[in-house]
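Per the working numbering, the very first residue in the sequence shown carries number 1047; after that it's consecutive. Beta carbons are placed, not taken as given, at the ideal position from N, Cα and C, and that holds for glycine. Here the structure is laid out as structure tokens; the discussion comes afterwards.
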Amino acid sequence: MPELENLKKLVKETQEKKIKLVAVSKTKSEEEIMEVYKTGHLHFGENKAIELKNKAEKLPKDIEWHFIGNLQSNKVKFVVPHVSWIHSIDRPKIIKAINKEAQKADKKIKVLLQIYIADEESKIGFSMEELKNWLKGGDYQNLKNVEICGVMGMATFTDDTHQIKQEFSLLKEYFDQLKAGYFSDNQNFKEISMGMTGDYKIAVECGSTMLRIGSLIFGERN
Ligand SMILES: *Cc1c(COP(=O)(O)O)cnc(C)c1O
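Here it is, written out as structure tokens:
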């Protein structure tokens, strides 16, 4: 069952700091999501395409869905009709596929560039080098049905708060470089999506503008 007291505290804390709060509802039931929805919270995050589609079709239409997981090209069509945001752009091919599908659906989707900052084995996200090489080519400017709004990153899963702080600070630095180099005229490029249940306080210290919080709001996942 959702921890509504935790939610209330998080909402207050994030509103004071003008940070966006995404309640990560992956693996949780529609009933549980409805409990959180009834408090007035409208931003929910999912990391699996079909799960998001199934939930979005049944739940209220004013929910703003955020897709935060690894997205395969053949699943883009399930996600695009339902989402407002996609946090996990990790290769040029996927942003092009999203743009194409969004054009069909006659909508514009806010997207974030996921950048690799952790030192774990499974590398998810662009490296800064890959990202800059792609941006230099300039073809992102032709993607009219996506709005590139900033960056997303995940810190290493560790108790070492010093390391987490270094990684989040690095993401902030990357954001600043990209803003200066490619998006200085784009007022919408302003988001840094970082911080989960275990590390959100550090993320806020390091300049997060969007938190993605699951367990603290919905309870532990099985
Ligand atoms: C599951 C997940 C979260 C939330 O994790 P918690 O530790 O439960 O807060 C945040 N971001 C991504 C990408 C996730 O997959």
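- In this structure, the CA atom of Gly1196 is about 23 Å from the CA atom of Asp1108.
- Cβ-Cβ distances below 7 Å link Leu1088 to Asp1108, Ile1109, Glu1110 in the same chain, with the five nearest sequence neighbours on each side left out; the list follows chain order.
- Taking C-beta separations shorter than 6 Å and ignoring five residues to either side along the sequence, the partners of Asn1145 in its chain run Leu1189, Asn1191, Val1192, following chain order.
- In chain order, Lys1218, Ile1238 place their CB closer than 7 Å to the CB of Gly1253, counting only its own chain and leaving out the 5 sequence neighbours on each side.
- For Met1256, the enclosing beta strand (DSSP E) covers residues 1256-1259.
- Taking a C-beta distance under 8 Å as the contact criterion, Leu1257 and Gly1241 qualify as a contact pair.
- Shown here, Ile1065 sits in coil according to DSSP, grouped into three states, outside any helix or strand.
- At a Cβ-Cβ threshold of 8 Å, Pro1048 and Phe1264 count as neighbours.
- The beta carbon of Val1082 is closer than 6 Å to those of Pro1048, Ala1069 in its chain, skipping five residues each way along the sequence.
- By the C-beta density criterion, Ala1226 is exposed, having fewer than 16 other C-beta atoms within 10 angstroms.
- Judged by their CB atoms, Leu1053 and Thr1085 are nearer to each other than the 8 Å cut-off.
- Relative to the non-hydrogen atoms of ligand 1, the Cβ of Asn1093 comes within a distance shorter than 7 Å of at least one.
- If you check the CB distance, Ser1071 and Phe1090 come in under 8 Å.
- Of all alpha-carbon atoms in Lys1104, Lys1063, Lys1142, the one lying nearest the alpha-carbon of Asp1185 is that of Lys1142.
- Beta-bridge annotation (DSSP): Leu1158 is paired with Gly1196.
- Proximity of the beta carbon of Leu1262 to ligand 1 is indicated: a heavy atom of the ligand is located closer than 7 Å.
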